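Residue numbers (our numbering), protein chains in the order written: chain A, 17 to 374; chain B, 865 to 1351.
Here a beta-carbon is modelled for each residue, glycine too, at the ideal position from N, C-alpha and C.
All values derive from a computational prediction rather than experimental measurement.
Here's the structure we're looking at; comments come further down.
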Amino acid sequence: MSIVVDKSGPFTHGSNNVQRTMYTVLAALAPATLFNLYLFGWPAIFLFLVTMGACVACEAVCVRIGGGDSDRALSDGSVVITGWLLALSLPPWAPWWVAVVASVFAVCLAKHAFGGLGQNVFNPAMVGRVVVLVSFPVQMTAFVPTKPLFSAAAPGFAESLHITFGRAVSLDGISAASQLGFIKTELARGIPVSQSMGQLPGLSDLMLGFHPGSMGETALPLILLGGLFLMWRKIISWHIPVAMLATLFLLGTVFNAVDPGRYAGGAFHLISGASILGAFFIATDYVTSPVSKSGQVAFGAGIGLLTWIIRTYAGYPEGVAFAVLLMNALTPILDQHFRPRVFGRTRKGEPLPLKGDK
Amino acid sequence: MKLFPIMGGIHPDYRKEMTSEKPVVALPLPAALYLPLQQHMGAPASATVAAGDRVRKGQLLGRGAGAVSAPVHAPTSGTIKAITEMTAPHPSGLPTMTIILETDGKDEWADLPAPIDDPFAAPSQAIRERVAASGIVGMGGATFPSAVKLGLGTQHKLEILLLNGAECEPYLTCDDRIMREHADAVVDGARIMAHALGAPRVIIAIETNKPQAIEAITKAAQPFANVSVAGVPVQYPMGAERHLTQAITGRETPARKLTADVGVVVHNVATARAVHEAVRFGRPLLSRVVTVSGGAVVEPKNIEVPLGTPVAELLAFCGGAPGAKRLVSGGPMMGQPLPSLQVPVVKGTSGILGLTLAETRESEPQPCIRCGSCVTYCPCGLVPVEMASFIRHEKLEEAAKIGVQDCVSCGSCSYICPSHIPLVHFFNYAKGRIAALDRDRRKLEQTKALVEAHNARLERLAQAKREAAARAKAAQSENTDAGRANA
């Protein structure tokens, strides 16, 4: 028996902890990731490992510089998620150094320069992606069509090593645009969206992932399943994903109805690019999203709106990463303005009036 | 009965099965009882006996002092050994004035006040006086003097006496057992209290995880048209006064007001039983049912314990609690750590828990990952994550602005926090500091007002002196002038 009087209760605790939360997210990502690694073959596997390794190394170095316990920091699993999501957001055949640069910016700058776990304003994986996207646009937009492992078209092990780690590798011959990039370039050439859409693979192929893109942009059913799994496990709630996807869908549908030649449809927006991955796995990052449910709805809607604007009007074909980062910057303000109503008080914080009171 | 939802809340592991089927047993009379003069909210009682006095069971030992206070009675017969300072059953472990009663084993009753024959014909005042004289306080743990709360009917138009049998704290089964074993006493006590309050209806709210208690109370309430039973959802903190009121009536008590302001007064079921004993038999509050439970306790039990029994004896009666990581008085959510095993059971002690590490699931706090669970589960609509970060930086005013004083310390946020951050600890600290700062500020203002009044008085005196001097001078010069004129 021990007499300890060191803190207030409660003296019991739920079974959840940071580690369990993080590993549940990884479990939700695993099926889609495995399928994508299969679709894009050895180069994708190498890139995935390089990204994870670089992120973990950065975390260990940063924590040690800060005088912390790097084993403990690594065991919470947060950096694994960062690395994992970052890998999913890169073109699968990108060279190794793109992954390393992205990892350094993601972990060292976006996370640890702000104070480490829980302190960062911006989603680390998205910072990493955006830095390499604006710095190395050629490598970051060289998407290849799917070449599943062990299929005839797939590169062998040695060739794959060369693709990821070789010098001056050119993917010009085989690269293809993602569907968002494709309709954007076609539109710039004066070909209406309604026409260029016809040249894309069918919606079902797009859904299943047999199209060029980053790893996280393909295998939508598996990513969606992972997202629903997270909801079922109560790791995330519906507020951010639904608000984001609904806004995106609504804008797409309405504007497409007004001018089908200029605007892509709602369903196309949902299944293109990183919409689904972003809605369930990136925008829902705890640290960089609002804490209240109403704030989360506003946050999700904002991402949906910005994604649509960037995709439709800006120079970049895909806007989820930018939209998430922009809304991350707004999170502290959303947190201040969207609070739950306090029990016994009005929204303004005054005590509720009593019946008969003026 | 139509119920209303309450916001937030959690579903902890209840672990009530350890004691829920164990009938209440009486504790063998301890050799000595330690009776703090303060076992309630408000002013401590003042001792009416001296060392060496022989006292009988039910005799007054300490008189309630002031409007909010409660008397203390002898739980059995014996001799007063000393009245001295001893460790209080409070986490501070500070000393408190305690009467030590050496029991003589005869359990000889003193002359008790006569039963009130027909309490429903008696004036409210008579019931309240009896309840006050019997030392009855809120036995759910708040220990607010019940007579004061029964007086709320004089200033408020009350509609409902809500009897709280929710017992939403994990482990505790004392109220459950009382409702099962003393259903008639509970219902009778509730009707007497409703009469004293002037409340036409009685609703007894019980969480649906206590079907036998619901059955027993429903049966006991059958003959009375104005008494009904409501099974409320199992959801912590359903037993919190304001939340229970909302669940039953849909009325939300405004901040800084009482439930009485929305026509409801809440009392605990054990309090109702004590009122029944006091009114029908003249017996003051001498003992209470305590749940001794937890994974470390060898033989968990529900025990009728004389007030003043040291916790150590209680644990020994249950085979001890070897390997307890935490010893808690009350439930695991809102209970308090015990400062020592020598502290006594008092009127508010609902449970003594010996918890193992597997039950407490304690772990080093990790950084907050802003998951927002605390916001989702807070039953008061607060943002614990933000309050805690303000308090961490000693920004108490900001924390107060976003409602830290509206926190009821239910512990839902700490329970759910994946990072194991002791949020309630922060809030209790802040509430204490803010209260202390307020006191200091008031004191400073009072001192300032006194000093200003003092200075003003001195100034007035000086002014009066100056005026008197001026008048005297004027009179003198007038006299002189007159003299000259005369001359």
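Of all the CB atoms in chain A, is at least one closer than 8 Å to the CB of residue i?
i                  : result
Thr-1113 (chain B) : no
Val-1192 (chain B) : yes
Ala-1119 (chain B) : yes
Gly-1159 (chain B) : no
Gln-1019 (chain B) : no
Pro-1196 (chain B) : yes
Thr-1240 (chain B) : yes
Thr-1224 (chain B) : yes
Gln-1230 (chain B) : yes
Asp-1125 (chain B) : yes
Cys-1032 (chain B) : no
Can you tell me whether residue i is helix, strand or coil according to DSSP?
i                  : result
Trp-973 (chain B)  : strand
Gln-1200 (chain B) : strand
Ile-19 (chain A)   : coil
Leu-899 (chain B)  : strand
Gly-1146 (chain B) : coil
His-1257 (chain B) : coil
Asn-1166 (chain B) : strand
Gly-922 (chain B)  : coil
Lys-1265 (chain B) : helix
Tyr-1293 (chain B) : helix
Glu-334 (chain A)  : coil
Lys-945 (chain B)  : strand
Ala-890 (chain B)  : strand
Arg-1065 (chain B) : strand
Ser-1010 (chain B) : helix
Val-303 (chain A)  : coil
Met-905 (chain B)  : coil
Val-1128 (chain B) : strand
Ala-1333 (chain B) : helix
Is there a Cβ of chain B sitting closer than 8 Å to that of residue i, yes or no?
i                 : result
His-353 (chain A) : no
Arg-357 (chain A) : yes
Pro-20 (chain A)  : A small correction: the amino acid at residue 20 (chain A) is Val; Pro does not occupy that position in the sequence shown. So yes, Val-20 (chain A) belongs to the interface.
Gly-243 (chain A) : no
Thr-40 (chain A)  : no
Phe-27 (chain A)  : yes
Arg-361 (chain A) : yes
Pro-367 (chain A) : yes
Lys-127 (chain A) : no
Leu-370 (chain A) : yes
Ser-308 (chain A) : yes
Ser-230 (chain A) : no
Asp-85 (chain A)  : no
Apart from the five residues just before and just after residue i, which ones in its own chain have a Cβ nearer than 7 Å to its Cβ?
i                 : result
Leu-90 (chain A)  : Val-72, Glu-75 and Ala-76
Asn-33 (chain A)  : none
Gly-318 (chain A) : Met-343 and Leu-346
Gly-922 (chain B) : His-937, Ala-938, Trp-973, Ala-974, Leu-976, Arg-1147, Pro-1148 and Leu-1150
Starting from the C-beta of residue i, find all residues in its chain whose C-beta is less than 6 Å away, skip the five residues before and the five after it, and write them out in chain order.
i                  : result
Ala-103 (chain A)  : Phe-64 and Thr-67
Val-96 (chain A)   : none
Val-1288 (chain B) : Ser-1273, Gly-1275 and Ser-1278
Pro-208 (chain A)  : Gly-277
Gln-195 (chain A)  : Leu-216 and Ser-288
Ser-988 (chain B)  : Ala-1060
Please return the same chain residues whose Cβ sits closer than 8 Å to the Cβ of residue i, not counting the five positions on each side in sequence.
i                  : result
Gly-1215 (chain B) : Glu-1033, Tyr-1035, Leu-1036, Cys-1038, Val-1154, Thr-1155, Val-1156, Ser-1157, Val-1192, Ser-1193, Gly-1194, Gly-1195 and Gly-1199
Ser-910 (chain B)  : Leu-901, Gly-926, Arg-927 and Ala-929
Gly-268 (chain A)  : Tyr-279, Ala-280, Gly-281, Gly-282, Ala-283, Phe-284, His-285, Leu-286 and Trp-324
Ala-1119 (chain B) : Asp-1270
Quick one: does the C-beta of residue i sit closer than 7 Å to a heavy atom of the ligand COA?
i                 : result
Phe-359 (chain A) : Because no ligand of any kind appears in the structure shown, any question about the ligand COA cannot be addressed here.
Quiz item: Just by C-beta distance, which residues in the segment 288-306 of chain A are closer than 7 Å to chain B?
Solution: Tyr-302 and Val-303
Self-check item: Near-chain D residues of the segment 1279-1301 of chain B - C-beta to any C-beta below 7 Å
Solution: You won't find chain D in this structure, because its protein chains are A and B.
Practice problem: Answer yes if the segment 1020-1028 of chain B comes into contact with the segment 1093-1112 of chain B, meaning at least three C-beta pairs across the two stretches below 8 Å, and no otherwise. | Solution: yes
Quiz item: the segment 987-998 of chain B: which residues have C-beta closer than 7 Å to a C-beta of chain A, in chain order?
Solution: none
Self-check item: Contact between the segment 1095-1104 of chain B and the segment 867-887 of chain B (3+ Cβ pairs under 8 Å)
Solution: yes
Self-check item: Selection of the segment 134-158 of chain A by Cβ proximity to chain B, strictly under 9 Å
Solution: Going along the segment 134-158 of chain A in chain order, one finds Gly-134 and Gln-135 with a Cβ nearer than 9 Å to chain B.
Quiz item: When the Cβ atoms of the segment 33-50 of chain A are set against those of the segment 247-254 of chain A, are three or more pairs found closer than 8 Å?
Solution: yes
Quiz item: So, do the segment 1115-1127 of chain B and the segment 1009-1023 of chain B have three or more beta carbon pairs nearer to each other than 8 Å?
Solution: yes
Quiz prompt | Near-chain A residues of the segment 1262-1277 of chain B - C-beta to any C-beta below 9 Å | solution = Lys-1265, Ile-1266, Gly-1267, Asp-1270, Val-1272, Ser-1273, Cys-1274, Gly-1275 and Ser-1276
Quiz prompt | Cβ contact (3+ pairs, closer than 8 Å) linking the segment 1202-1220 of chain B and the segment 1228-1242 of chain B | solution = no
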